[in-house]
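Participant:
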Amino acid sequence: MNVKALFSLLVLFLPLAAQASVADQIAALEKNKTQGSGVSLPDLGLPGTAPGKTRAVKPANPLTLTDGREVNLNDYAIVVFMQRACPYSAKFDPKLKAWADEAGIRVYPYTLDGYGDTSFPVALIPRKAGPGEPIAGEILTFFGNGLPIATPTTFMVNVNTNMAYPLYQGDTDMATVSQRLAQMIEADIDHLPPDTLGPVPSSSSLTSQ
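When you line the sequence shown up against mature numbering (1 follows the signal peptide of the UniProt record, and there is no 0), it's residues -20 to -1, 1 to 189, in that order.
Below is the structure:
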């Protein structure tokens, strides 16, 4: 196999490796949770994360979209990339947590500096699938389409399909996040790929990596 063919094969399998690393991490976190760690950590429905596990049925959390369609917010979650050292995360995270608590939508924080903050004291740490990996799997999964790595950055994830849609980069108000969330849910229902939806809204209030 020549070098060009080998490179093409590697690129083809990178997204699968990234998703596998996320699945492995969450599987380990779920195992720790069941062993009584007392920490509530995410189950995003990734393939193979919890074989044979029966999920508790939650009461529906309905949301009516602008076009009249009704969805269950339990089918979605917010992923936020943050840093304790980021001043914009410090401003944004309390607003995000308060809004999410009121809306009844789950938030899963990933920290880029290894620390949680007052809003999300227990944060997930992106990890590499192996010592030879150049970048953590979660970073590749969420930012692999060319989106700049910065904090805070929020994504919407369909917890049943693991399809992720970028919401916003930088600090902003929750009305903007809520409106963008509804738009991305519509896109998800209509099976529109995230990379066909135009530029991701952003503000200058962010910390680039």
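Glycine included, each C-beta is placed from N, C-alpha and C at the ideal position.
Fair warning: this is a prediction, and the values are worked out from it, not measured in the lab.
Once the 5 residues before and after S69 are set aside, which same chain residues still bring their CB inside 6 Å of it?
Facilitator: Position 89 of the sequence shown, counted from the first residue, corresponds to residue 69. Around S69: M62, Q63, T131, P132.
Participant: Specify the secondary structure class of N52 as computed by DSSP and reduced to three states.
Facilitator: In the sequence shown, counting from the first residue as 1, residue 52 sits at position 72. Strand at N52.
Participant: Considering only the beta carbon of each residue, do P146 and P174 sit closer than 8 Å?
Facilitator: Within the sequence shown, residue 146 is the residue found at index 166, counting from 1. Within the sequence shown, residue 174 is the residue found at index 194, counting from 1. Yes, Cβ-Cβ distance for P146 and P174 is below 8 Å.
Participant: Could you give the first and the last residue of the continuous alpha helix (DSSP H) run that contains Q163?
Facilitator: Looking up residue 163 in the sequence shown gives position 183. Where Q163 is concerned, the enclosing alpha helix (DSSP H) stretches over 154 to 169.
Participant: Determine the burial state of E118: buried for a count of at least 16 other Cβ atoms within 10 Å of its Cβ, exposed for fewer.
Facilitator: The residue given as residue 118 occupies position 138 in the sequence shown. Classification of E118: buried, given that the 10 Å Cβ count is 16 or more.
Participant: Could you give the residue range of the alpha helix (DSSP H) that holds T44?
Facilitator: Within the sequence shown, the letter at position 64 stands for residue 44. Per DSSP, T44 belongs to no alpha helix (DSSP H); it is in the beta strand (DSSP E), 42 to 44.
Participant: Does the segment 66 to 82 come close enough to the segment 97 to 108 to have 3 or more Cβ pairs within less than 8 Å?
Facilitator: Yes: at least three Cβ pairs fall under 8 Å.
Participant: With which residues is residue 217 paired in a DSSP beta bridge?
Facilitator: Nothing in the structure corresponds to residue 217, since the chain is present only between -20 and 189.
Participant: Going straight from the alpha carbon of N140 to that of D55, what length do you get?
Facilitator: If you number the sequence shown from 1, residue 140 lands on position 160. If you number the sequence shown from 1, residue 55 lands on position 75. For N140 and D55, the distance between alpha carbons rounds to 7 Å.
Participant: How big is the Cα-Cα spacing for N41 and L92?
Facilitator: One-based indexing of the sequence shown puts residue 41 at position 61. One-based indexing of the sequence shown puts residue 92 at position 112. Cα to Cα, N41 sits roughly 31 Å from L92.
Participant: Should S183 and T152 be called a contact, given that it needs their Cβ atoms to be closer than 8 Å?
Facilitator: As a first step, residue 183 must be located in the sequence shown, where it is residue number 203. As a first step, residue 152 must be located in the sequence shown, where it is residue number 172. In this structure, T152 lies closer than 8 Å to S183 by Cβ.
Participant: Just to confirm, is the Cβ distance from A57 to V137 under 8 Å?
Facilitator: Reading the sequence shown from its first residue, position 77 is the one you call residue 57. Reading the sequence shown from its first residue, position 157 is the one you call residue 137. Contact flag set, yes.
Participant: Can you name, in chain order, every residue of its own chain whose Cβ lies under 8 Å from the Cβ of L127, other than the five neighbours on each side?
Facilitator: For the purposes of this step, residue 127 is taken as residue 147 along the sequence shown, with counting starting at 1. Cβ within range, chain order: T133, P146, Q149, V180.
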